[in-house]
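Residue numbers (our numbering): 84 to 406.
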């Protein structure tokens, strides 16, 4: 099993202890899909992954949300997908609100339910979609949490050891910040993807391929890891995986998250946010940042313009003598 920096290094000062958006701090048992809905949900999730090209993590999240809803219906006495009506969906929403779930969590669950019934209607499993007239729950707008450039540079420079784990961790952090990759994209890299290149091809969400630069501090730290870190971690079973744990197994997304949490006290997505925000603050155009991040819609990238405007306003108020 891949190990990460959790037992290999001391913790750096915490940047941000927030939970990821939509996480309400609740630790609860994940329900199972009731027997009467199991085959329908399994078929839906299989189509979801195949037709929309969603990642395994995203498909699993749909499954968890649907399991919670269908287990709720089961407790209401419903034993058939065709028997689920608008009243059941509304009661489920109300229960989520009363239990203090975050608005973003409720919106995500309702979105999963909508997708499920839209598919069920197309396949004539239900006569009518119980979510058709359901009022949409808006996700609260949240500015991405970017780490100030100077603070982030100082913390990255503190990861300066020469042990294989130190070299790996510095390369992980610099590559996340230097490329803006998602944690799943970073974890999937192979040695052949990065060896001797300054442009890396990445397969992102929806099997969409993009090219991102690999230069500067990210390239230098990666080269140091490839020469002095990875060979010391590798074993016969390491194959061509770029990131390795202390036992030589591949370091997956969970291991990467542990590295970022241990070294910086935050989440990998904070480095992705910082990548985009710092580019915009220094004059990068929105279309370029959209391409680098792998966003399908420009509107998704436009979220970062609010961050940039916030930065400009704060700079003005701090610097102008008549502000």
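Every residue, glycine too, gets a C-beta built ideally from N, C-alpha and C.
Because the structure is a prediction, the values reported are computed rather than measured.
Contact annotation, residue 155 with residue 178: C-beta distance approximately 7 Å; criterion of less than 8 Å satisfied. Burial state of residue 249 is buried, judged by a 10 Å Cβ sphere holding 16 or more other Cβ atoms.
The DSSP-derived three-state label of residue 213 is coil.
Annotation: the continuous alpha helix (DSSP H) that includes residue 124 extends over 118-135. DSSP links residue 324 through a beta bridge to 273.
When the five nearest sequence neighbours on each side are left out, the beta carbons in the same chain lying within less than 6 Å of the beta carbon of residue 204 are those of 212, in order along the chain. For residue 296, the enclosing beta strand (DSSP E) begins and ends at 292-296. Counting the other CB atoms within 10 Å of its CB gives residue 323 a total below 16, which places it among the exposed residues. The beta carbon of residue 310 lies closer than 8 Å to none in the same chain, with the five residues before and after it left out.
In the DSSP assignment, residue 339 falls outside any beta strand (DSSP E) and lies within the alpha helix (DSSP H) extending over 336-347.
With at least 16 other beta carbons inside 10 angstroms of its own, residue 378 counts as buried. Residue burial annotation: residue 115 is exposed, with fewer than 16 other C-beta atoms found within 10 angstroms of its C-beta. Remark: C-beta atoms of residue 339 and residue 269 approach each other more closely than 8 Å. Burial check for residue 341: the Cβ neighbour count within 10 Å reaches 16 or more, so the residue is buried. Each of 290, 192, 294 and 275 was checked against the Cα of residue 263, and the nearest Cα belongs to 294.
The straight-line gap separating the alpha-carbon atoms of residue 149 and residue 214 is approximately 14 Å. About 4 Å separates the beta carbon of residue 289 from that of residue 136, a gap short enough to meet the 8 Å contact definition.
The residues 351, in chain order, have a CB closer than 6 Å to that of residue 343 in the same chain once the five nearest residues on each side in sequence are set aside. If you compare the alpha carbons of 364, 327, 202 and 192 with that of residue 125, the shortest gap goes to 202. Rounded to the nearest whole angstrom, the C-alpha separation of residue 119 and residue 161 is 10 Å.
When C-beta atoms of the region 276-291 are compared with those of the region 361-373, fewer than three pairs fall below 8 Å, so the two segments do not count as touching.
Around the CB of residue 361, 16 or more other CB atoms lie within 10 Å, so the residue is classed as buried. The alpha-carbon of residue 130 is positioned some 31 Å away from that of residue 332. Annotation: the continuous alpha helix (DSSP H) that includes residue 233 extends over 232-240. Closest option to residue 169, judged by alpha-carbon separation, among 298, 218 and 147: 218. When the alpha-carbon of residue 230 is set against those of 196, 368 and 355, the nearest one is in 355.
Taking all protein chains in view, the Cβ of residue 287 is crowded by 16 or more other Cβ atoms within 10 Å, so the residue is classified as buried. With respect to the 8 Å criterion, residue 346 and residue 243 are not classified as neighbours on the basis of their beta carbons. As the crow flies, the alpha-carbon of residue 385 is around 7 Å from that of residue 369.
Within the DSSP bridge table, the entry for residue 284 names 294 as partners. Judged by DSSP in its simplified three-state form, residue 218 adopts coil rather than helix or strand. Residue 189: member of the alpha helix (DSSP H) spanning 186-205, first to last residue.
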